[in-house]
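Colleague: Per my numbering, numbering through the sequence shown is continuous, rising by one, with the last residue being 163. A virtual CB, placed ideally from N, CA and C, is assigned to each residue, including glycine. Take this structure first; my questions come after.
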Amino acid sequence: MRRLPRPCSLRTIVVVAAPAKADDFVGQASVIDGDTIEIHNARIRLWGVDAPENTRFCRGEDSLQYRCGAEAANALDEFIGKRPVNCAPVNLDRYGRTVATCTVGDTDLGEWLFAQGLALDWPRYSSGKHGPAQQRAEQAGRGIWKRSYVEPRRYRG
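Encoded structure:
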């Protein structure tokens, strides 16, 4: 007598094999700057994240200028490495870019940037969701918090 597969086994396979929603962006990411990545030719801005632009200079602890924007982008690129990134769209920005929350494994990229002190929460868009992570980095003196800088949104003018 032939045995039929158990239905719960099929459900388990479906749940494990389909963690991303149809409108999510999933794949290898290229880092454009500290708050923008690209997956499959789609520019994706990290939701609620404001990182210094690549061309931005800040003053270090020694009062010498350094490229704080490039530092944020390079650190993000190194953190992502070759791992797949999963981005869940939130909306579109005024330039038509997808704004999304993005993760590598279980790590939210925005939260990671804040924890490293490489970006600022943008409460206008995030409603202050990332404020606590930013405050912890500031109190610990990590990243831009141990140096002199101008907030990225003010630097842009």
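#1: Name the two residues that bound the continuous beta strand (DSSP E) containing Asn-92.
#2: On the criterion of 16 or more Cβ atoms from any shown chain inside 10 Å, does Thr-104 qualify as buried, or is it exposed?
#3: With a threshold of 8 Å, are at least 3 pairs of Cβ atoms found where one atom belongs to the region 47-65 and the other to the region 111-119?
#4: For Asp-30, which of Thr-113, Ala-106 and Arg-142 has the nearest alpha-carbon?
#5: DSSP three-state call for Tyr-131: helix, strand or coil?
#6: Do Asp-83 and Val-167 come within 9 Å of each other at the CB atom, strictly closer than that value?
#7: Buried or exposed for Arg-89, going by 16 or more other Cβ atoms inside 10 Å?
#8: Only counting the same chain, and skipping five residues up and downstream in sequence, which positions put a Cβ closer than 8 Å to that of Lys-135?
#9: Which residues mark the beginning and the end of the beta strand (DSSP E) in which Ile-45 is found?
#10: Cβ of Gly-123 within 9 Å of Cβ of Ala-146?
#11: Using three-state DSSP, classify Leu-124 as helix, strand or coil.
#12: What is the rounded straight-line gap between the Cα of Arg-148 and the Cα of Arg-130?
#13: By the 10 Å Cβ neighbour count, where 16 or more other Cβ atoms means buried, how is Gln-140 classified, buried or exposed?
#14: Helix, strand or coil: which one does DSSP assign to Phe-63?
#15: Taking only three categories from DSSP, how would you classify Ala-81?
#16: Should Gly-75 and Thr-61 be called a contact, given that it needs their Cβ atoms to be closer than 9 Å?
Modeller: With the structure as the only source:
#1: That run of the beta strand (DSSP E) goes 91-98.
#2: Looking at its Cβ environment, which holds 16 or more other Cβ atoms inside 10 Å, Thr-104 is buried.
#3: Three or more Cβ pairs drawn from the region 47-65 and the region 111-119 lie within less than 8 Å of each other, which places the two stretches in contact.
#4: Nearest in C-alpha terms to Asp-30, of all of Thr-113, Ala-106 and Arg-142, is Ala-106.
#5: DSSP, reduced to helix, strand and coil, places Tyr-131 within a helical segment of the structure shown.
#6: A question about residue 167 goes unanswered here, because the residues of the chain that appear run from 7 up to 163.
#7: Only exposed fits Arg-89, as fewer than 16 other CB atoms lie within 10 angstroms of its CB.
#8: Excluding positions up to five away in sequence, the list reads Gly-54 and Asp-127.
#9: First-last of the beta strand (DSSP E) with Ile-45: 42-45.
#10: The beta carbons of Gly-123 and Ala-146 sit closer together than 9 Å.
#11: In this structure, Leu-124 counts as coil in the three-state DSSP scheme.
#12: Rounded to whole angstroms, Arg-148 to Arg-130 spans 23 Å at the Cα level.
#13: Buried, since its Cβ has 16 or more Cβ neighbours within 10 Å.
#14: DSSP places Phe-63 outside both helix and strand once states are collapsed to three, so it counts as coil.
#15: If DSSP states are grouped into helix, strand and coil, Ala-81 belongs with the helices.
#16: Going by beta carbons, Gly-75 and Thr-61 fall inside the 9 Å limit.
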